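So the sequences go chain by chain: A and B.
Per the working numbering, the very first residue in the first sequence carries number 1; after that it's consecutive.
Per the working numbering, the very first residue in the second sequence carries number 290; after that it's consecutive.
Heads up, the beta-carbon is just placed ideally off N, CA and C, and yes, glycines get one too.
None of these values were measured; they are calculated from a predicted model.
Structure first, commentary second.
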Amino acid sequence: GDSNMIENENYKISFGSLGVESINGMPITNELLYFNSSQGYGQNSGAYIFRPNKTDPFIINAKPSVEITKGSSVEFATVTWGSWASQVYRLWKGENTVEVEWSVGPIPVEQKCPWDSKQTCKWGKEVISRYQTAIKSSDTQGRPTVWTDTSGRNKLLRTKDHRACFNLNTTDAETGVAGNYYPINSRIAIEDDSNLFSVLVDRAEAGGSMREGSIDLMIHRRITADDHRGVDEPLMEPGQFGDGLMVRGRHFLFLGKSGSLDDKPMEEKILMKPQVFLYPGQTFQTKSS
Amino acid sequence: RGDLAEFKLASAFGVGQHHDGISGTEQEHVVSDYTRQLHRGRTACRDITNEVLEKDFEASKGAINCEYRNVSICADTETAKEFTVGVYSPASHAFHYHVRVPVNGSSYDVTNQVGEKVPVDVVPVSDNTKNIRRNRGFAKNELWITAKTDGLDFATFNVKETSDGLDFATFNVKETSGNDVVTSLT
């Protein structure tokens with residue numbers, strides 16, 4: 001029946017054994033993936049430098065588990081890729097956005113060495129959330145385009161492997177990823193003649209579009225080598241329990257017709273989040289303003 | 290005294306806006322220092338904040354902020370049979386805001402400032418959240434309250450535990466044969 005689906009007045013999301021399958025009938029997938037950091041040859045990835053060692057990220061788990069829960073004011077689905085990577089998709093009654101709460105960490109950095117599977121070595125990981133949609137976001141030359149914000153004030157259309165004011169020469173040709181990630185302070189979006197898919201973030205992240213219809217957002221990094229650019233230590237925070245930082249955050253998805261999407265109120269709401277106070281053991285009535 | 294508290298928070302922000310604090314390229318011990326200064330600044334402002342809420346909105350004394358509510362840690366609400374949730378909105382117009390409160394009960398009556406009942410959900414704490422919070426919290430459930438706030442207003446909700454059982458349903462989506470998606474009701 002419809003129990004592999006959650007919905008509210010504005011959205012209907014279906015899930016399958018690979019996680020999200022469609023939103024409002026459009027095929028959309030969303031995965032948590034990771035890049036291995038470059039280390040040991042040339043410029044290391046690190047606190048100052050993002051330099052993955054391959055173009056395509058690694059899969060954490062090809063078959064995440066999906067659990068759907070339905071309540072009176074919210075329906076949500078929990079998709080779990082592993083003990084250190086999961087997301088919860090929430091549809092609140094009456095809301096015009098999909099709330100995606102991601103939880104990543106502690107990122108494991110021990111893994112088999114590529115040159116000898118019997119040895120273990122430490123390898124940094126940079127975790128992304130990749131949304132893949134059916135939106136035709138390439139330009140006339142077939143290059144993926146993506147809207148990013150500029151410090152939350154304006155929008156800028158970015159084109160892959162391209163700069164408006166000079167000829168970009170991508171020297172790290174085998175990956176081509178780092179030069180196409182940009183600062184995302186509040187919003188990233190892709191669109192074509194009929195649809196717009198926009199993602200608001202609750203903190204500054206990095207992101208871009210590596211192929212048509214896709215949006216990457218980098219949500220967590222744990223790197224075992226120093227990039228020798230000044231901080232003199234690897235980006236390897238011990239976190240609350242010493243085995244790495246665990247981070248939780250949220251994306252707010254909007255899907256609609258081009259030109260008709262209004263995600264500004266949500267942007268303001270994220271910025272001016274209400275403050276919550278708790279008064280344990282007592283109940284009282286206050287005077288509303 | 291009031292000014293002194295604000296100064297602490299203002300100066301903590303001033304220091305934290307150093308370029309490495311903004312970009313995250315500071316060393317680990319510096320991260321800890323920024324965090325400590327900001328925490329001291331926030332804590333110093335709490336008394337003032339509570340005074341404003343008491344004076345302007347006739348709120349009660351003894352407000353706390355559970356910093357780890359987002360990962361279901363708040364010892365005070367986990368053990369309380371009744372409590373009040375206050376939501377102050379700094380925005381200029383109405384919002385719907387979903388408040389997550391760690392609890393151990395499974396059913397609650399929640400009323401707003403004019404005594405109207407508010408729909409809430411009691412949801413079990415997920416394994417992923419348990420994995421994150423580890424031994425720092427023991428709430429079994431989360432109480433989700435949808436608060437409608439007005440601009441520059443302080444909305445309060447009275448929460449009382451009742452004993453009439455659970456009101457949520459969970460489906461497990463699993464693949465068992467080929468591409469068939471099979472569900473089971475829990």
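When the distance is taken between beta carbons, is A:Ile28 closer than 8 Å to A:Ala77? no
Excluding the 5 residues preceding and the 5 following B:Gly440 in the sequence, name in chain order all residues of the same chain whose CB lies nearer than 8 Å to its CB. Ser378, Ala380, Ser381, His382 and Ala383
Starting from B:Asn354, find everything on chain A with Cβ-Cβ shorter than 9 Å and list it in chain order. Gln275, Val276, Phe277 and Leu278
State buried or exposed for A:Thr286, treating a residue as buried only when at least 16 other CB atoms are found within 10 Å of its CB. buried
Taking CB distances under 8 Å as the criterion, tell me whether B:Tyr397 reaches chain A. no
Cβ-Cβ distance between A:Phe35 and A:Glu126 below 8 Å: Closer than 8 Å, so yes.
Residues of chain B with CB closer than 7 Å to the CB of A:Gln285, please, in chain order. Gln402
Measure the C-alpha to C-alpha separation of B:Gly467 and B:Tyr397 and round it to an integer number of angstroms. Summary for B:Gly467: the model assigns pLDDT 41, below 50, so the residue's position carries little reliability; its value from the coordinates is reported in the next sentence. When rounded, the distance between both Cα atoms is 42 Å.
Comparing C-alpha positions only, which one of B:Val448, B:Arg422 and B:His387 sits nearest to B:Gly404? B:Val448
What span of residues does the beta strand (DSSP E) with A:Lys12 cover, start to end? Annotation: the continuous beta strand (DSSP E) that includes A:Lys12 extends over Lys12 to Gly16.
Can you check whether the C-beta of A:Thr150 is within less than 8 Å of a C-beta belonging to chain B? no
Distance check for B:Arg329 and A:Gly239, CA to CA, integer angstroms please. 20 Å
Would the segment 427 to 438 of chain B count as touching the segment 384 to 392 of chain B if we require 3 or more Cβ pairs under 8 Å? yes
Look at the alpha carbon of B:Asn430 and the alpha carbon of B:Lys370, and state the distance between them as a whole number of angstroms. Distance between the alpha carbons of B:Asn430 and B:Lys370: 14 Å.
Do you know how far the Cα of A:Pro52 is from the Cα of A:Pro234? 15 Å
Below 7 Å on C-beta distance, what does B:Asn420 contact in chain A? Residues of chain A with a Cβ closer than 7 Å to the Cβ of B:Asn420 are, in chain order, Ser83.
Count the other CB atoms, across all protein chains shown, that sit within 10 Å of the CB of B:Val414; report buried if there are 16 or more and exposed otherwise. buried
Should A:Tyr279 be labelled buried (16 or more other beta-carbon atoms within 10 Å of its own) or exposed? buried
In the DSSP output, what is A:Gln275 paired with across the bridge? B:Tyr377
Can you give me the Cβ contacts of A:Glu67 inside the same chain, cut-off strictly under 6 Å, excluding the 5 residues immediately before and after it? Thr78
What is the DSSP secondary structure of B:Val296, counted as helix, strand or coil? Sequence inspection shows Phe at residue 296 of chain B; the Val mentioned does not correspond to that position. In this structure, B:Phe296 counts as helix in the three-state DSSP scheme.
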